[in-house]
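There are 2 protein chains.
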Amino acid sequence: MSFRFEVIARDPRSAARVGRLYTPHGAIDTPVFMPVGTAGTVKAMTPELLEELDAQLLLANTYHLFLRPGHETVRALGGLHRFMSWPRALLTDSGGFQVFSMNSIRQVSEDGVRFASHLDGSPQFLSPEKAVEVQVALGADIIMALDECLEYPAGREKARQSMELTLRWAQRCRKAFSTNADAWQGQRFSPAVSRAKKHGASAPEATPSQALFGIVQGGTYADLRHECAERLVAMDFPGYAIGGLAVGEPPALSYEMTEASVAALPADKPRYLMGVGYPLDLIGYVRRGVDMMDCVLPTRNARNGYLFTWSGVLHIRNAGHATDPRPIDARCACSVCRRYSRAYLRHLFNAGEMSAATLATHHNLYFYLDLMRRLRAALREGTLAQLAVELTAAQQSEPAR
Amino acid sequence: MSFRFEVIARDPRSAARVGRLYTPHGAIDTPVFMPVGTAGTVKAMTPELLEELDAQLLLANTYHLFLRPGHETVRALGGLHRFMSWPRALLTDSGGFQVFSMNSIRQVSEDGVRFASHLDGSPQFLSPEKAVEVQVALGADIIMALDECLEYPAGREKARQSMELTLRWAQRCRKAFSTNADAWQGQRFSPAVSRAKKHGASAPEATPSQALFGIVQGGTYADLRHECAERLVAMDFPGYAIGGLAVGEPPALSYEMTEASVAALPADKPRYLMGVGYPLDLIGYVRRGVDMMDCVLPTRNARNGYLFTWSGVLHIRNAGHATDPRPIDARCACSVCRRYSRAYLRHLFNAGEMSAATLATHHNLYFYLDLMRRLRAALREGTLAQLAVELTAAQQSEPAR
């Protein structure tokens, strides 16, 4: 068996749990936040820096890699791990979210979705079978079924129809994948020259094959979410994602939909909430039983000079930082905060230097991964509520500038 | 004494020599190539990566730092070493070259040079005294006298007048500096959190004060170059630069001017040829007695996808690299060549990812610093001519693509 999940500890006061996800490319402590490596690289970072940050699992976007450099190119070069020289675990999404969010011209049919490439306008087609084929070629440890991503708001009937399509697509993905799960058997990427070896070990029994997750849809209708989850569970996936949230709906509704979905998901399988969120959101979803999350927020905001700290967001471009010798966050132990001043970082942003993005991204990702470490520790010690209160207070007290 | 130079070995067949330059922020093996950190950062790199590359001496541009963030800001933040968190040696140029090359509207007078900032058009003035004031505020270990940079070609009379101005400015710089040489006495930057400690040590007697170099001008007239050098030597600087070359003149003329300048410079002082060059140029100048060089070539070309290798320049954007699993250069031991394929690097360039620039710059700087290491070894072993032949052959045999 190549993929396994175990729950290690539970929070008595919420649905939160600490777990461990075993994959062919290492074990992952959950709840986990996945940095987003859109095109086979986390923007402004290098795999070396991500190892230094001790990221255990990255997400890469099937849509982007499918269009460029193409999944067959990646397959020919030994799969995505080898292509990007990343010896740890990878997850690819199905491509669906980008097809629906990046392309105004698209045609959804029973068969799949037609769209025009955002790179050159060329006509493209993604079906459940194609999404699986592409993701098998990429070879990530965890791959996703193709789902239809509904816009918000959407009426109940539309949400039901979309959910039904997603369920039929999930079944087709499962079928297409059944003969391909072991495409990478025996080909774990583990470069001689990788500093990964000293870090987290893979389970002894883990051998390279991929795990396909189903995705719960159902719009903003709790009963549809619940039903969708139940019917996916009947198909028996090794893990389940909750999709179609964080698309503009009020936060209370996102939480409600998450609860409705989780209620129908098995306790012994990992749950992945796609595309969230802000620091406080992470705690909120973990308390609702979520084990995995991903978001471009820490990386994208870093490139715009928005830095996460334990006393709120800091806008490093502000003139007030021009002569400030303090680190971004005195309470942060990251190598950027240990070495560089706000004044220097502001200067790098002002001068348009790439290193500004690199150092800011490094800090923000450290903040997110550190938050997840603290969150797991608090969960084990039963102090999760306290951490939430502490972070809430911190996020509400805006820092000096 | 804060600054000292010793010649360790000489090439019996040329003017080349191996030496050691002691500065308040560490000793430097010469001949040395200085990566260019224009605005207080080497573009696409971080100080951590430069330490990993074992760069011992960086150049920063006074012109850029004067305009942004301003030398008083840097002084208030503890000087340039602390500002950019670089515990090793720094050299600043005088700002003159950028004033002359980046500003079409400028007015040179006996007093100094008026120009408009390239950032906002604001009127600015740089005099010998101001150049020293700014460089003292920045606090680099080695600083440069203000010189007039002549365009090529220039007539003999114009070259003589310009040389005379440069000599008068050199004297004024010397005078302005005489009371400021110890402005940073006792303030060596050495952060607790620096991995630099394990690297090259500073001389025990080195205490933080700066060294001011004079600059040889004289256009493309060997007798003027010789005379300028002699008259600078009479002023007794701790080191001498050769300026105004690599501005469009034929290579043979650059070599001739270097020889004419070096002939009049003392054997026991370091010689710095400003703004060169390609790999073969470096050997050529070292054989003519040059100890220090700087150039934007390895960094700027990296960002454009031009990679230096031991078998010529490789254009990584070329389609031919799309599926090439080989490293940039199989003979290169840098961490980029040990980890990444040409296919991946090309993909990063194609996708417009910043990490493309970071990895390419890392490789190119490694190539240059590695070349200098080999060059110093060859010099000690008396095989410099062989290295030149090897590199010439390599540079002439263009690689596959």
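If you're matching them up, the sequences are chains H and W in order.
So the first sequence is residues 11 to 411, counted in the numbering used here.
So the second sequence is residues 11 to 411, counted in the numbering used here.
Cβ atoms here follow ideal geometry from the backbone N, Cα and C, with glycine treated the same way.
- Query: Hey, would you say serine 5(H) sits closer than 8 angstroms to valine 226(H), going by beta carbons?
  - Reply: Any question about residue 5(H) goes unanswered here, given that chain H covers just 11 to 411.
- In angstroms with no decimal places, state the Cα-to-Cα distance between arginine 459(W) and threonine 48(W). A question about residue 459(W) goes unanswered here, because the residues of chain W that appear run from 11 up to 411.
- Find the residues of chain W that neighbour threonine 51(H), judging by a C-beta separation of less than 7 angstroms, and give them in chain order. Neighbours of threonine 51(H) on chain W, chain order: Leu358, Glu363 and Ser365.
- Message: One question on the structure: do alanine 150(W) and leucine 100(W) come within less than 8 angstroms of each other, judged by their Cβ atoms?
- Response: Yes.
- Task: Taking only the alpha-carbon atoms, compute the straight-line gap between histidine 372(W) and leucine 59(W) and give it to the nearest angstrom.
- Result: In a straight line, the C-alpha of histidine 372(W) is about 8 angstroms away from that of leucine 59(W).
- Task: Check whether the Cβ atoms of alanine 25(W) and arginine 383(W) sit closer than 8 angstroms, and answer yes or no.
- Result: Cβ atoms of alanine 25(W) and arginine 383(W): not closer than 8 angstroms.
- Message: Tell me which residues share the same chain as glutamate 266(W) and place their Cβ nearer than 7 angstroms to its Cβ, disregarding the 5 neighbours each side in the sequence.
- Response: Only Ala232 meet the Cβ criterion.
- Closest residue to arginine 348(H) among Arg92(W), Glu62(W), Gly50(W) and Leu75(W) (Cα-Cα distance): Comparing C-alpha distances from arginine 348(H) to each of Arg92(W), Glu62(W), Gly50(W) and Leu75(W) shows the shortest one belongs to Arg92(W).
- Can you tell me where the alpha helix (DSSP H) with valine 306(H) in it begins and where it stops? No residue range can be given for valine 306(H), since it is assigned to no alpha helix (DSSP H) and is classified by DSSP as neither H nor E.
- Message: Counting only Cβ pairs nearer than 7 angstroms, list the residues of chain H close to leucine 87(W).
- Response: For a Cβ distance threshold of 7 angstroms, residue set Thr333, Pro335, Ser351 and Ala353 of chain H lies close to leucine 87(W), ordered along the chain.
- Verify the CB distance criterion: does phenylalanine 93(H) have a CB-CB separation below 8 angstroms to chain W? Taking a beta-carbon distance threshold of 8 angstroms, phenylalanine 93(H) counts as an interface residue toward chain W.
- Message: In whole angstroms, give me the CA-to-CA distance for tyrosine 378(H) and leucine 317(H).
- Response: So the alpha carbons of these two residues sit roughly 11 angstroms apart.
- Query: What is the C-beta distance between leucine 275(W) and serine 264(W), in whole angstroms, given that I count them as a contact (C-beta under 8 angstroms)?
  - Reply: Incorrect: roughly 16 angstroms between the Cβ atoms, too far for contact.
- Could you have a look at methionine 284(W) and say whether DSSP puts it in helix, strand or coil? In this structure, methionine 284(W) counts as coil in the three-state DSSP scheme.
- Query: With burial defined as no fewer than 16 other Cβ atoms inside 10 Å of the residue's Cβ, what is the status of glycine 131(H): buried or exposed?
  - Reply: Using a 10 angstroms sphere on the CB of glycine 131(H), the tally of other CB atoms stays under 16, which defines it as exposed.
- With 7 angstroms as the C-beta to C-beta threshold (strictly closer), list the residues of the region 62-79 of chain W near chain H in chain order. Within the region 62-79 of chain W, the residues whose Cβ lies closer than 7 angstroms to any Cβ of chain H are, in chain order, Arg78 and Pro79.
- Please check the pair phenylalanine 223(H) and glycine 249(H), which I expect to be a contact at CB under 8 angstroms, by giving their CB distance rounded to whole angstroms. Taking C-beta atoms under 8 angstroms as the contact rule, phenylalanine 223(H) and glycine 249(H) qualify, at a distance of about 4 angstroms.
- Query: Quick one, which of Trp194(H), Glu237(H) and Gly122(H) has its alpha-carbon nearest arginine 170(H)'s?
  - Reply: The option with the nearest alpha carbon to arginine 170(H) is Glu237(H).
- Task: Would you give the residue range spanned by the alpha helix (DSSP H) that glycine 294(W) belongs to?
- Result: Looking at the DSSP string, the run of the alpha helix (DSSP H) that includes glycine 294(W) is 289-296.
- Query: Who are the neighbours of leucine 369(H) on chain W, taking C-beta pairs under 7 angstroms?
  - Reply: By Cβ distance, chain W contributes Thr56.
- Mind listing which residues of the region 173-201 of chain W have their C-beta closer than 8 angstroms to chain H's C-betas, in chain order? So the list reads Pro201, given in the order they occur along the chain.
- Is the Cβ of threonine 102(H) closer than 8 angstroms to any Cβ of chain W? False, the Cβ-Cβ gap to chain W never drops below 8 angstroms.
- Task: Starting from threonine 83(W), find everything on chain H with Cβ-Cβ shorter than 9 angstroms and list it in chain order.
- Result: Those are Ala332, Thr333, Ala353 and His357, listed as they occur along chain H.
- Please name the residue, chosen from Arg327(W), Ser12(W) and Leu401(W), that lies closest to serine 352(W) on a Cα-to-Cα basis. The sequence as given places arginine at residue 352(W); serine does not occur at that position. The shortest Cα separation from arginine 352(W) among Arg327(W), Ser12(W) and Leu401(W) belongs to Arg327(W).
- Task: Using only the heavy atoms of the ligand ADP, determine whether one of them is closer than 7 angstroms to the beta carbon of glycine 149(W).
- Result: Among the components of this structure there are no ligands whatsoever, and the ligand ADP is therefore not found.
- Query: Buried or exposed: which applies to methionine 112(W), given that a residue is buried once 16 or more other Cβ atoms fall within 10 Å of its Cβ?
  - Reply: If you draw a 10 Å sphere on the C-beta of methionine 112(W), you find fewer than 16 other C-beta atoms in it, and that means exposed.
- Task: Could you tell me if lysine 53(H) is buried or exposed, where buried requires 16 or more neighbouring beta carbons within 10 angstroms of its beta carbon?
- Result: With 16 or more Cβ atoms within 10 Å of its Cβ, lysine 53(H) is classed as buried.
- Looking only at C-alpha atoms, which of Asn314(W), Gly315(W), Arg313(W) and Tyr288(W) sits nearest to aspartate 304(W)? Cα-wise, what sits closest to aspartate 304(W) is Tyr288(W).
- Query: Where do the ends of the beta strand (DSSP E) carrying valine 272(W) lie?
  - Reply: That residue, valine 272(W), is in no beta strand (DSSP E); its alpha helix (DSSP H) goes 261-273.
- Thinking C-beta only, is leucine 63(H) closer than 8 angstroms to leucine 375(H)? Result yes, Cβ atoms of leucine 375(H) and leucine 63(H) sit closer than 8 angstroms.
- Query: Can you tell me the Cα-Cα spacing of proline 97(W) and tyrosine 350(H), whole angstroms?
  - Reply: Proline 97(W) and tyrosine 350(H): Cα-Cα distance of roughly 12 angstroms.
- Query: Out of curiosity, what's the CA-to-CA distance linking aspartate 339(W) and asparagine 314(H)?
  - Reply: Cα to Cα, aspartate 339(W) sits roughly 35 angstroms from asparagine 314(H).
- Message: Counting C-beta neighbours from all protein chains within 10 Å, is the total for aspartate 103(W) 16 or more, i.e. buried, or is it exposed?
- Response: Under this definition aspartate 103(W) is a buried residue.
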